[in-house]
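What follows is a set of notes on a single structure, which appears directly below.
Residue numbers (this note's numbering), protein chains in the order written: chain A, 1 to 100; chain B, 1 to 300.
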């Protein structure tokens with residue numbers, strides 16, 4: 001398991017907000033932790049997959065989409081906070097996220 | 001040196017007209033409205049799509065995608081962006097046939113309207129069909145699930161392998177539902193039932209598609225201005241006869257969009273232009289980002 005620090009969490013949050021602002025063509029300032037990725041920002045699941053792959057590449061993670069998909073059954077993402085939490089868990093646990 | 005550097009990618013149906021319009025500039029919307037008016041009046045459809053009767057309403061929505069493609073295509077051409085080759089996903093084949101001048105836009109509209117004959121035949125038969133998309137699983141993952149769950153390929157198949165993370169399935173409604181559920185349990189990021197009552201790209205649609213196929217073969221086809229790559233066997237099509245056959249076999253056969261895209265990359269294509277207004281093709285397509293890029297109209 002990788003260690004999660006406040007600095008890394010902030011870095012991940014910034015990366016995610018930048019990504020959604022860019023892809024959804026909205027100001028980063030308009031995105032809050034309470035924003036709903038689909039309804040408020042107009043994102044979709046393919047965008048989320050891209051985010052996972054981007055994260056995996058940035059942090060050199062070996063993670064299968066199916067592991068994340070199985071985890072999502074237990075922990076659905078309704079807000080940007082959920083997305084940040086999810087990506088932080090991907091960073092920390094990789095494929096073991098499925099066992100959480 | 002390859003002669004193929006720039007490919008235009010045409011989307012199939014499936015996007016709501018309001019989403020297409022939202023992405024367009026005011027000038028594009030005006031053009032769209034004009035084409036829609038001419039087309040819908042000629043076909044006896046209401047421009048207020050919700051006012052059309054059930055099957056007309058579906059056909060009208062699908063026509064909107066075609067009209068939108070035409071507007072975006074013409075935008076690229078006006079900007080001096082000329083394709084070396086094109087490719088169409090599902091009904092994107094109808095769209096590319098019209099935009100590349102192989103058939104008239106009027107005939108392309110009529111092809112889309114002929115889907116109503118397939119819907120009527122299905123309704124009469126009482127068969128329940130559907131399609132769906134699985135995000136996060138590849139064609140191999142889905143084929144494994146089909147085998148593991150003892151589903152018959154007579155009941156469900158992969159109708160289109162769009163990319164390694166986006167797979168479309170097609171078949172009997174009940175089996176499509178069961179496979180979507182199995183995919184979710186296997187770790188798909190998202191599963192989306194289409195609920196359109198049709199199993200395009202599964203051979204089971206064949207017995208309801210005689211009129212459609214016959215109609216596709218009855219129009220006037222010219223050689224396209226630019227070549228088109230087949231999404232079924234990756235051959236380069238340059239004649240009207242090629243395009244006629246592609247339109248005829250389109251809804252009856254499974255698509256390998258992923259392989260066709262890879263083939264374009266191998267041919268030397270590095271610039272891919274998404275002809276859908278909302279960037280749909282770019283979203284479900286995957287290309288090697290080190291070798292090429294998919295552009296949308298608002299990026300040029």
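Glycine included, every Cβ here is placed at the ideal spot set by N, Cα and C.
- Under the Cβ distance rule, residue 211 of chain B does not count among the residues neighbouring chain A, no pair being separated by less than 9 Å.
- Contacts with chain B (Cβ-Cβ distance below 9 Å) from the stretch 64-81 of chain A involve 64, 65, 66, 67, 68, 69, 70, 71, 72 and 73, listed in chain order.
- The beta-carbon separation of residue 200 of chain B and residue 54 of chain B, rounded to 18 Å, does not stay under the 8 Å limit for a contact.
- Neighbourhood of residue 48 of chain A in chain B, by CB distance below 7 Å: 189, in chain order.
- The beta carbon of residue 86 of chain A sits closer than 8 Å to the beta carbons of 68, 71, 72, 75 and 77 from its chain, once the five residues preceding and following it are set aside; these are given in chain order.
- A contact between stretches requires three or more CB pairs, one per stretch, nearer than 8 Å, and the stretch 222-234 of chain B fails this requirement with the stretch 194-210 of chain B.
- In this chain, residue 127 of chain B is not harboured by any alpha helix (DSSP H), its DSSP state being neither H nor E.
- Residue-level contact by beta carbon fails for residue 84 of chain A and chain B, as no gap is shorter than 9 Å.
- Scanning chain B for C-beta atoms nearer than 7 Å to the C-beta of residue 45 of chain A yields 135, 189 and 190, reported in chain order.
- The C-alpha of residue 6 of chain B lies about 8 Å from the C-alpha of residue 82 of chain B.
- In the DSSP assignment, residue 170 of chain B is bridged to B/131 and B/157.
- The contact set of residue 283 of chain B on chain A, defined by CB atoms closer than 8 Å, consists of 44, 46 and 47 in chain order.
- DSSP, reduced to helix, strand and coil, places residue 48 of chain A within a helical segment of the structure shown.
- Per the C-alpha coordinates, the member of B/115, B/20 and B/12 positioned closest to residue 88 of chain B is B/12.
- Here residue 274 of chain B really is in contact with residue 294 of chain B; their C-beta atoms are around 6 Å apart, less than 8 Å.
- Between residue 228 of chain B and residue 109 of chain B, the alpha-carbon positions lie close to 19 Å from each other.
- Per DSSP, reduced to three states, the secondary structure at residue 193 of chain B is strand.
- A direct Cα-Cα distance of roughly 11 Å separates residue 6 of chain A from residue 88 of chain A.
- Contact between residue 158 of chain B and residue 254 of chain B holds: CB atoms are separated by about 6 Å, below the 8 Å threshold.
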